[in-house]
Amino acid sequence: MRPQVPVGALVSHIKVTAATVQCGDIIQLGGQACRVRDLFQLPQGAKQLVFESGELLAIHTRTRLAAVRLLRRR
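Residue numbers 920 to 993, in the working numbering, belong to the letters of the sequence shown in order.
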């Protein structure tokens with residue numbers, strides 16, 4: 920199942936780290952696309968991601984994940 924992309928949005932494939940991840944990023948984990956709903960700062964630059972599905976993922980500062988970021992057109 921693919922996440923719905925709003926009409927008029929541009930999609931950008933990026934690599935995210937704990938420093939660059941944002942709410943709304945769609946990260947593929949285990950073959951499933953998960954959208955980041957919330958972020959929490961952890962010690963030493965790590966972050967805990969909360970996905971719309973309710974799952975949690977803690978990422979280290981060096982962790983790199985492939986993601987899709989939606990860019991809205993004006």
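The beta-carbon is built from N, C-alpha and C at its ideal position, and this holds for glycine as well.
Given the structure is predicted, the values throughout are model-derived calculations rather than measurements.
- Task: Would you kindly work out how many angstroms separate the C-alpha atoms of Gln960 and Gln967, rounded to a whole number?
- Result: One Cα belongs to Gln960, the other to Gln967, and the distance between them is close to 6 Å.
- Could you tell me how far apart the beta carbons of Asp944 and Arg988 are, in whole angstroms, since I believe they sit closer than 8 Å? About 5 Å separates the beta carbon of Asp944 from that of Arg988, a gap short enough to meet the 8 Å contact definition.
- Item | Rounded C-alpha distance that separates Ala938 from Thr980 | Rounded to the nearest angstrom, the two C-alpha atoms are 7 Å apart.
- From the DSSP output, read off the bridge partner residues of Ala952. According to DSSP, which records beta bridges pairwise, Ala952 is partnered with Gln947.
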